[in-house]
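In my numbering, the protein residues as written are 629 to 793.
Quick look at the structure:
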């Protein structure tokens, strides 16, 4: 279990992020059109998992905007925004913001959060996903992870970008 903070108060997740060098576990999440997308659908591409509690918060929205802008010029790279938000909310936000370089996926009916150790177990955010970034290479090997220590803090975009290159 990881310990992080919410406005300085300690909260916990169901586990720890995958180890750098390990092969990422496959998962299936729900896309904006309610189809199912699996990690295996992106085989052969570099994948950035931008994981957050809810697109309806300022920091989560900022991370979606940031990854949309910073990684859109990288070849063979896909950014997956992942949260417990319903697919409709994720789609509405990205449409309103003009974000076209990210793929939104919802964990509202899967076990992604538990598999990746990201489900928050206590606090008012219990049941949501913690803020984290995981970068995978073309073979699905974990190249970088960041469990953001304070949930209201943005991730280290520069470190994630460097891991993709």
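Think of the CB as a built atom: it goes at the ideal place given N, C-alpha and C, for glycine as much as any other residue.
{"Check": "Local Cβ density within 10 Å of residue 651, reported as buried at 16 or more and exposed below that", "Outcome": "exposed"}
{"Check": "Cα-Cα separation, residue 737 to residue 665", "Outcome": "12 Å"}
{"Check": "Neighbour-count burial assignment, residue 655, 16 or more Cβ in a 10 Å radius", "Outcome": "buried"}
{"Check": "When 778, 707, 792, 641 are compared against residue 795, the one with the closest alpha-carbon", "Outcome": "Here the chain covers residues 629 to 793 and nothing more, so residue 795 does not appear."}
{"Check": "Proximity to residue 713 [Cα-Cα], best of 774, 741, 773", "Outcome": "741"}
{"Check": "Three-state class that DSSP yields for residue 660 in the structure shown", "Outcome": "coil"}
{"Check": "Coarse secondary structure for residue 718, derived from DSSP in three states", "Outcome": "helix"}
{"Check": "Runs of beta strand (DSSP E) lying entirely within the region 744-773, each at least 3 residues, in chain order", "Outcome": "760-764"}
{"Check": "Option in 728, 660, 662, 715 with minimal Cα separation from residue 693", "Outcome": "728"}
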